[in-house]
Amino acid sequence: MPITFEVLEKDIAGRIGRLSTGKRTVRTPLLLPVINPHLQPVSPAEMKAMGADGIITNAYIFSRSSEYRDRALSEGLHDLLGFDGLIMTDSGSFQLSVYGEVEIGNLETLEFQQAIGSDIWVPLDIPTSPDAGRQQAAEELAVTLARLREARETLGPEAPVAGPVQGGMFEDLREQAGREVGEIGFSFCPIGAVVPLMESYRYSELVRVVMAAKNGIPPSSCVHLFGAGHPSMFALAVAMGCDVFDSAAYALYAKDRRYLTPSGSYRVDELAELPCPCPVCRGHTATGLRESPDLVRLLSLHNLAVSLAEISRIRQAITDGVLWELVDERCRGHPQLLRAYRDLLARNRELEPFDRSTKRRFFYRGSESCLRTEVVRYQQQVGRIATGHEVLVAMDGVKRTGFDTTLFFKPPFGPFPPELRETFPIGQSEIPDWDEDMLVQGCAGIRVLMEANPRSRYTVFAPERWLAIVERELPGCEVRCDRV
Ligand code: GUN
Ligand code: ZN
48 MPITFEVLEK
58 DIAGRIGRLS
68 TGKRTVRTPL
78 LLPVINPHLQ
88 PVSPAEMKAM
98 GADGIITNAY
108 IFSRSSEYRD
118 RALSEGLHDL
128 LGFDGLIMTD
138 SGSFQLSVYG
148 EVEIGNLETL
158 EFQQAIGSDI
168 WVPLDIPTSP
178 DAGRQQAAEE
188 LAVTLARLRE
198 ARETLGPEAP
208 VAGPVQGGMF
218 EDLREQAGRE
228 VGEIGFSFCP
238 IGAVVPLMES
248 YRYSELVRVV
258 MAAKNGIPPS
268 SCVHLFGAGH
278 PSMFALAVAM
288 GCDVFDSAAY
298 ALYAKDRRYL
308 TPSGSYRVDE
318 LAELPCPCPV
328 CRGHTATGLR
338 ESPDLVRLLS
348 LHNLAVSLAE
358 ISRIRQAITD
368 GVLWELVDER
378 CRGHPQLLRA
388 YRDLLARNRE
398 LEPFDRSTKR
408 RFFYRGSESC
418 LRTEVVRYQQ
428 QVGRIATGHE
438 VLVAMDGVKR
448 TGFDTTLFFK
458 PPFGPFPPEL
468 RETFPIGQSE
478 IPDWDEDMLV
488 QGCAGIRVLM
498 EANPRSRYTV
508 FAPERWLAIV
518 ERELPGCEVR
528 CDRV
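Here my numbering is used: the first residue of the sequence shown is 48, the next is one more, and so on.
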């Protein structure tokens, strides 16, 4: 059975989807905890009970293990691991990126993954280092693509094989890789070789690489961000259209005595409290946890609970259409995330076509909100309003006689006719007291309308406090205020 993916709901470029492989179907966004059979602080069965619908493990480890190889082949992975959800296997590529060499071939690893009953198989792609120059990135990409073609031709169109997207730090290579992977026929596309970026907080570069890959990958494909990671960046990645994550972070951080939260992490030794509702945190004091002989397991359980809960929160945010609010919240947890968030907002015109048309609400959270896709879309559409000869824009909300058209004003969107008062985004947006950023953005909406109706004459009544800014932003427009 091939891998199929169906998009059910959208927000920004993020989606809720249904991913099916063979007899298993899971919902996305999805987190696949990484299982290492040799050191596993939490069992796959326990993970299932915590809400993990899938896991990922490394086929290379099984194939090289005297303890597990034969059992995996005879019992199958699901029985061996005691997990009846979706199991994805990785090839030796991660080892390849760390150790430089692996003793396994492309078809050999794929046939092994098939033989142990994995639900999603990964070919032996080459994760190009972010330091690689263009020529190396292009050469390695060519090898990866050749191996993907080999996988398709040998195993057939139905085989549940993933098509990793490589290309190093080069946007055109990433885009081309995404396009070719789609053309070869892969509907499940991991974006690879981003672990070094995430490990060193290079989130802006992550945004560049993911957006480039997404530009090439068909929108109907399921996108996996290989090796991500920390729950604080899940929302940002989902906003760009990533559907699946795999994370060893829960266990790696635990081994390092680190405690995850959705907005960052702490060293457990610096915690006086355990600010989390999971059973571990409610059942221990910070001191008790720190001194427990079971610390690594307990921290792993907590870290995993936090990561899975963040995925649930993201799905709910998509359903409600409030993903931007969640991204905004999470990206304030680290300056490099904030920077990446601003870089993503700067690409609002690229994201706008993917966004849905109505949402439950729009909460203004500061100047970043001015650049949201909803504002872009509103200001693209505001020019469709036809205005009469004399137009009043009543920023102060007061109707006056003597005008052919009366519009009101809601920053950061701009002017609106009374008929739109109850519709999204005007009716569902909540803003605090005006600030300069939202006013400037709203004036841009007025300018769009003025350009679309060059024969109309515009008079704007502005609150006195904002008069100077409105005059500056709307040259050629009569700006007045009623002094009280
Ligand atoms: N795990 C993390 N990054 C990668 C990657 O680029 N390719 C594969 N196969 N596994 C990974
Ligand atoms: Zn907890």
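C-beta atoms are modelled at their ideal positions from N, C-alpha and C, and glycine is treated no differently. Note that this is a predicted model, so its numbers are computed, not measured.
- Return the chain-ordered ranges of every beta strand (DSSP E) run that is complete within the segment 82-112 and spans a minimum of 3 residues. 101-105
- Could you tell me how far apart the beta carbons of L133 and G101 are, in whole angstroms, since I believe they sit closer than 8 Å? For the purposes of this step, residue 133 is taken as residue 86 along the sequence shown, with counting starting at 1. For the purposes of this step, residue 101 is taken as residue 54 along the sequence shown, with counting starting at 1. That belief holds up - the Cβ atoms of L133 and G101 are roughly 3 Å apart, short of 8 Å.
- DSSP three-state call for I151: helix, strand or coil? Along the sequence shown, read from residue 1 onward, the residue named residue 151 stands at position 104. Correct three-state label for I151: coil.
- What do you reckon, is the C-beta of P243 under 7 Å from a heavy atom of the ligand GUN? Translated into positions along the sequence shown, residue 243 becomes position 196. The answer is no for P243.
- C-alpha distance - G225 paired with R199, whole-angstrom precision: One-based indexing of the sequence shown puts residue 225 at position 178. One-based indexing of the sequence shown puts residue 199 at position 152. Cα to Cα, G225 sits roughly 16 Å from R199.
- Message: Please report the straight-line C-alpha distance between E338 and S294, rounded to a whole angstrom.
- Response: As a first step, residue 338 must be located in the sequence shown, where it is residue number 291. As a first step, residue 294 must be located in the sequence shown, where it is residue number 247. C-alpha separation (whole angstroms): 26 Å.
- Message: On the criterion of 16 or more Cβ atoms from any shown chain inside 10 Å, does V445 qualify as buried, or is it exposed?
- Response: The residue given as residue 445 occupies position 398 in the sequence shown. Exposed, because fewer than 16 other Cβ atoms sit within 10 Å of the Cβ of V445.
- In angstroms, rounded to a whole number, what distance separates the CA positions of Y425 and A515? To locate residue 425, count along the sequence shown from 1; it is residue 378. To locate residue 515, count along the sequence shown from 1; it is residue 468. Taking the straight line joining both Cα atoms gives about 25 Å.
- Query: Over what stretch of residues does the beta strand (DSSP E) that includes S312 continue unbroken?
  - Reply: Position 265 of the sequence shown, counted from the first residue, corresponds to residue 312. From DSSP, the beta strand (DSSP E) with S312 extends over 311-314.
- Task: With a cut-off of 6 Å, give the chain-ordered residues whose Cβ is closer than this to any heavy atom of the ligand GUN.
- Result: D137, S138, S140, F141, V169, D172, P174, P211, G239, A240, V242, F273, G274
- Please report the residue range of the alpha helix (DSSP H) in which K70 lies. In the sequence shown, residue 70 corresponds to position 23, counting from 1. Where K70 is concerned, there is no enclosing alpha helix (DSSP H), given that its DSSP letter is neither H nor E.
- Return the residue from the list M280, E498, E197, S404 that minimises the CA-CA distance to L78. Here residue 78 refers to the residue found at position 31 when the sequence shown is read from its first residue. Here the closest residue by C-alpha is M280.
- Check whether the segment 342-349 touches the segment 366-384, counting contact only when three or more Cβ pairs, one atom from each stretch, lie closer than 8 Å. no
- Task: Would you grab the beta carbon distance between S121 and L171 for me? Rounded to a whole angstrom, and I think it's under 8 Å.
- Result: Counted from its first residue, the sequence shown places residue 121 at position 74. Counted from its first residue, the sequence shown places residue 171 at position 124. So it is not a contact: roughly 24 Å between Cβ atoms.
- Message: Pop quiz: G232 and S268 are said to be a contact at Cβ under 8 Å. What is the actual Cβ separation, rounded to whole angstroms?
- Response: Translated into the one-based positions of the sequence shown, residue 232 becomes position 185. Translated into the one-based positions of the sequence shown, residue 268 becomes position 221. The Cβ separation is near 10 Å, so there is no contact.
- Which residues mark the beginning and the end of the beta strand (DSSP E) in which I238 is found? Stepping through the sequence shown from its first residue, residue 238 is reached at position 191. First-last of the beta strand (DSSP E) with I238: 235-238.
- Query: Just the Cα atoms here: how many angstroms apart are L55 and M48?
  - Reply: Here residue 55 refers to the residue found at position 8 when the sequence shown is read from its first residue. Here residue 48 refers to the residue found at position 1 when the sequence shown is read from its first residue. Rounded to whole angstroms, L55 to M48 spans 21 Å at the Cα level.
- Item | Whole-Å CB distance - F217 paired with A260, under 8 Å assumed | Working through the sequence shown from its first residue, we reach residue 217 at position 170. Working through the sequence shown from its first residue, we reach residue 260 at position 213. Actually they do not touch by this definition, with Cβ atoms about 11 Å apart.
- Message: In whole angstroms, give me the CA-to-CA distance for F273 and C417.
- Response: Position 226 of the sequence shown holds residue 273. Position 370 of the sequence shown holds residue 417. If I take the Cα positions, the gap works out to 31 Å.
- Query: Once you ignore the five residues that flank S359 on each side, which residues in its own chain have a CB closer than 8 Å to its CB?
  - Reply: The sequence position of residue 359 within the sequence shown is 312, counting from 1. Same-chain partners within the cutoff: G98.
- Kindly identify the DSSP beta-bridge partner or partners of V270. Locating residue 270 in the sequence shown gives position 223, where the first residue counts as 1. In DSSP, V270 forms a bridge with C236.
- May I ask which residues mark the beginning and end of the beta strand (DSSP E) holding P522? For the purposes of this step, residue 522 is identified with residue 475 of the sequence shown, where counting begins at 1. Unbroken run through P522: none, as it is neither H nor E.
- Message: Tell me which residue opens and which closes the beta strand (DSSP E) that E56 is part of.
- Response: By 1-based counting over the sequence shown, the position of residue 56 is 9. E56 -> beta strand (DSSP E) spans 50-58.
- Message: What does DSSP give as the partner residue(s) for V423 in the beta ladder?
- Response: Residue mapping note: residue 423 aligns to position 376 of the sequence shown, counting from 1. According to DSSP, V423 bridges with nothing at all.
- Taking just the CA atoms, how far does P76 sit from H277? For the purposes of this step, residue 277 is taken as residue 230 along the sequence shown, with counting starting at 1. For the purposes of this step, residue 76 is taken as residue 29 along the sequence shown, with counting starting at 1. Going by the C-alpha atoms only, they are around 15 Å apart.
- Between the C-alpha atoms of N500 and G430, what's the straight-line distance to the nearest angstrom? Along the sequence shown, read from residue 1 onward, the residue named residue 500 stands at position 453. Along the sequence shown, read from residue 1 onward, the residue named residue 430 stands at position 383. Near 8 Å, if we compare the C-alpha coordinates of G430 and N500.
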